[in-house]
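These notes are about the structure you will find just below.
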Amino acid sequence: MSMFGRNPSAPAGGVNPERMEMAIQETCHAKCISTRYAEGDLNKGESVCIDRCVAKFFEANKKVGERLQSVGGANASGATGAFGL
1276 MSMFGRNPSA PAGGVNPERM EMAIQETCHA KCISTRYAEG DLNKGESVCI DRCVAKFFEA
1336 NKKVGERLQS VGGANASGAT GAFGL
């Protein structure tokens, strides 16, 4: 089971949760955690940074998904082009 509580063998809506989890880990770790570890645990700043990073990642993913759905609906009704362009 992944850290997001989903069954990794059952992708939701074509999204691979394992790939998403790995992308979040790589992105937020690189952004928020120094390569020089001074402590065994996350400090307050690192913890807050990771919380915000994950929240932004999910918000961006949600907006992209909504946009792709609206474009998919527009393409079904005859519009062409990526993102309605």
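Those letters in the sequence shown? Residues 1276 to 1360, per this note's numbering, in order.
All C-beta atoms in this analysis are idealised placements derived from N, C-alpha and C, irrespective of residue type, glycine included.
Cβ-based neighbour list, M1276, same chain, cut-off 6 angstroms, excluding 5 preceding and 5 following: Along the sequence shown, one-based indexing puts residue 1276 at 1. For M1276, the pLDDT reaches just 48, beneath the cut-off of 50, and the residue's location in the model is therefore unreliable, leaving the point undetermined.
Alpha carbon of K1338 to alpha carbon of F1332, nearest angstrom: Here residue 1338 refers to the residue found at position 63 of the sequence shown. Here residue 1332 refers to the residue found at position 57 of the sequence shown. Distance between the alpha carbons of K1338 and F1332 is about 10 angstroms.
Best match in A1330, G1340, E1334, A1313 for proximity to V1290 [C-alpha to C-alpha]: To locate residue 1290, count along the sequence shown from 1; it is residue 15. V1290 has its Cα closest to that of G1340, out of A1330, G1340, E1334, A1313.
Rounded separation between L1317 and D1326 - CA only: Walking along the sequence shown from the start, residue 1317 turns up at place 42. Walking along the sequence shown from the start, residue 1326 turns up at place 51. Looking at the two C-alpha atoms, the distance is approximately 12 angstroms.
Alpha-carbon to alpha-carbon, A1313 and N1336: Counting from one through the sequence shown, the residue named residue 1336 turns up at place 61. Counting from one through the sequence shown, the residue named residue 1313 turns up at place 38. Going from the Cα of N1336 to the Cα of A1313 covers about 33 angstroms.
Own chain, CB closer than 8 angstroms to C1303, minus 5 neighbours either side, in chain order: On the sequence shown, residue 1303 is found 28 positions in, with the first residue counted as 1. These residues qualify, in order along the chain: C1324, I1325, C1328, V1329, F1332.
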